[in-house]
Amino acid sequence: MNTLLYYIYYTLCFLLSLLPFWLLYLLSDFIYFPLYYLIRYRRRVVRKNLLESFPHKTLKEIIIIEKEFYSFFCDYVFETVKLLSIGKENMRRRMKFQGLEELNQTFDQGRSVATYLGHYGNWEWVSSLPLSIRDGVVSSQIYHKLRNPNSDRLFLRLRGRMGAVSINMKESVRKILTMQREKVQFVMGFIADQSPTGQNINHWTYFLNHETAVLTGTEKLAKQLDLSVFYLDVKRVKRGYYTATFRKMMDHPKEYPDFEITDKYVALLEQSIKDAPQYWLWSHKRWKWTRAKFDEMFETCPDGRVRLRNHHQDYKEE
17 MNTLLYYIYY
27 TLCFLLSLLP
37 FWLLYLLSDF
47 IYFPLYYLIR
57 YRRRVVRKNL
67 LESFPHKTLK
77 EIIIIEKEFY
87 SFFCDYVFET
97 VKLLSIGKEN
107 MRRRMKFQGL
117 EELNQTFDQG
127 RSVATYLGHY
137 GNWEWVSSLP
147 LSIRDGVVSS
157 QIYHKLRNPN
167 SDRLFLRLRG
177 RMGAVSINMK
187 ESVRKILTMQ
197 REKVQFVMGF
207 IADQSPTGQN
217 INHWTYFLNH
227 ETAVLTGTEK
237 LAKQLDLSVF
247 YLDVKRVKRG
257 YYTATFRKMM
267 DHPKEYPDFE
277 ITDKYVALLE
287 QSIKDAPQYW
297 LWSHKRWKWT
307 RAKFDEMFET
317 CPDGRVRLRN
327 HHQDYKEE
């Protein structure tokens, strides 16, 4: 049954992807109004996130950003579906990568690359990097498996259509070690702006006017495997066109104190968001953890592990 549902799901999305961009954007404009005004998809979450992140902006300014976000989010959905059929040359014109010279210098040194990015711009189109990167270098991304198996299968297909390799987060260390052992160079993308689970919180920083729990796995992996670290600065040029610029953060992450790399990534992402806030994923419940809530539920062991306090042993995080 799941296989049948997947093929129905895929066929509908594929047929939709065959429509020209101008018609897809017309549909996006049409869907924006019921999504924002009638369905009000996560409106409370978006409004709360914006108000708390930009306390110096007026309500009028916040609502403008809010509407621009929903309009862009509709575009993002149709642009992502378009990945199922868009031609490679058309994709190259619409998603341009910059800073490749510095990336190639890193490869010339025999090194591989960890790239930070966020849920900003059309992050799914970053999977078209194999069209622009040098031959022989594997372009890959770490992903979290989706709960819906049909959606998970569809996204794996569209993310891999231009040659990118998706690696399940749980298998990331093993896969990377295998590539290193086989002397395969790679650039691996890490979207690291999600909210960590409670037991994975070991660092807090300030991000968009919030004390924020952040994921530190990318930094740990980069240090463990001695990867050069870059930030991918994505900008929307106009509707349907983006640039993504590789900006080197550091060559040898082991030389930096714990969490300095993570803090630098957070600062770079924050600046991208402040430059054009409508292109970040505001509907995500990014700040569901506060320091007080974390301290009330968890305790940090002497060895650095985080565990639930005794009176919260029945708690299960989604």
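The numbering used here applies: residue 17 is where the sequence shown begins, and numbers increase by one. The C-beta atom is built at its ideal place from N, Cα and C for all residues, glycine as well.
Could you give the distance in angstroms between the alpha-carbon of residue i and the alpha-carbon of residue j?
i: leucine 324; j: proline 318; result: 14 Å
i: glycine 233; j: serine 128; result: 17 Å
i: valine 142; j: alanine 260; result: 8 Å
i: glutamate 286; j: threonine 221; result: 12 Å
i: arginine 109; j: serine 148; result: 11 Å
i: phenylalanine 85; j: arginine 169; result: 27 Å
i: glutamate 227; j: leucine 39; result: 42 Å
i: serine 87; j: lysine 301; result: 19 Å
i: lysine 239; j: threonine 316; result: 23 Å
i: methionine 204; j: glycine 115; result: 16 Å
i: alanine 308; j: tyrosine 272; result: 29 Å
i: isoleucine 217; j: tryptophan 305; result: 10 Å
i: lysine 236; j: valine 282; result: 15 Å
i: valine 93; j: phenylalanine 37; result: 12 Å
i: valine 189; j: isoleucine 183; result: 10 Å
i: aspartate 151; j: glutamate 140; result: 21 Å
i: arginine 177; j: methionine 313; result: 43 Å
i: tryptophan 303; j: phenylalanine 113; result: 31 Å
Whose CA, out of the options, lies closest to the CA of residue i?
i: tyrosine 159; options: Phe37, Gln210, Thr96 and Gly126; result: Gln210
i: proline 212; options: Ser155, Ala229 and Phe262; result: Ala229
i: methionine 265; options: Val253, Leu284 and Tyr257; result: Leu284
i: threonine 19; options: Asn164, Leu42 and Glu82; result: Asn164
i: alanine 292; options: Tyr53, Ile78, Arg59 and Phe46; result: Ile78
i: glycine 134; options: Asp274, Arg58, Lys64 and Asp249; result: Asp249
Should residue i be listed as close to the ligand NAP, given that the test is whether its C-beta is under 6 Å from any heavy atom?
i: glutamate 187; result: The ligand NAP is absent from the structure shown, which contains no ligand whatsoever.
Please report the residue range of the beta strand (DSSP E) in which residue i lies.
i: asparagine 138; result: That residue, asparagine 138, is in no beta strand (DSSP E); it is neither H nor E in DSSP.
How about residue i and residue j: do their beta carbons lie closer than 7 Å?
i: asparagine 166; j: leucine 28; result: no
i: tyrosine 132; j: alanine 208; result: yes
i: leucine 35; j: leucine 100; result: no
i: serine 288; j: valine 61; result: no
i: leucine 231; j: isoleucine 192; result: no
i: asparagine 225; j: serine 69; result: yes
i: valine 181; j: serine 144; result: no
Mind checking which residues open and close the alpha helix (DSSP H) that includes residue i?
i: threonine 234; result: 233 to 241
i: lysine 161; result: Here lysine 161 belongs to no alpha helix (DSSP H), and DSSP marks it neither H nor E.
i: asparagine 120; result: 116 to 124
i: asparagine 18; result: 18 to 33
Checklist line | beta strand (DSSP E) segments (min. 3 residues) lying fully within the segment 60 to 110 | finding: none
Check: Could you give the uninterrupted runs of the beta strand (DSSP E) lying entirely in the segment 238 to 306, keeping only those of 3 residues or more?
Finding: 244 to 254 and 257 to 266
Notebook entry, point to check: Taking the runs of the alpha helix (DSSP H) that are 4 residues or longer, which of them lie wholly in the segment 174 to 215?
Noted result: 188 to 197
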